[in-house]
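K.L.:
Residue numbers (the working numbering): 8 to 83. Just so you know, even glycine gets a beta-carbon here, dropped at the ideal spot from N, CA and C.
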């Protein structure tokens, strides 16, 4: 399993326009201007590829921060 900081970096790489400095473990990703359904799908895809874990839209909605999402992945 990758570290939390590595996960934050991978998460940030899925965004094209948001500066990487905006991403920390406590970032509430749904409040980012660039967040939307396509970004959500790319995050789900990245998690599937990188961790071999399948998340649903409901899973994404159940957490708020990048750190919470990282924790959720570890429980799957």
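Is it buried or exposed, residue 54, if we count other Cβ atoms within 10 angstroms and call 16 or more buried?
P.N.:
Buried is the call here.
K.L.:
Output the residue ranges of the alpha helix (DSSP H) runs that lie fully inside the stretch 22-77 and measure 4 residues or longer, sorted by chain position.
P.N.:
Runs of the alpha helix (DSSP H) inside the stretch 22-77: 44-58, 64-68.
K.L.:
Any idea what DSSP makes of residue 9, helix, strand or coil?
P.N.:
DSSP places residue 9 in coil when its eight states are reduced to three.
K.L.:
Is the beta carbon of residue 18 less than 8 Å from the beta carbon of residue 73?
P.N.:
Contact flag set, yes.
K.L.:
Leaving aside the five residues before and after residue 7 along the sequence, list all residues of the same chain whose C-beta is less than 7 Å from its C-beta, in chain order.
P.N.:
Residue 7 lies beyond the stretch modelled for the chain, which goes from 8 to 83, so this question has no answer here.
K.L.:
With the cut-off set at 8 Å, would you say residue 71 and residue 37 are in Cβ contact?
P.N.:
Closer than 8 Å, so yes.
K.L.:
Only counting the same chain, and skipping five residues up and downstream in sequence, which positions put a Cβ closer than 7 Å to that of residue 66?
P.N.:
79, listed in sequence order.
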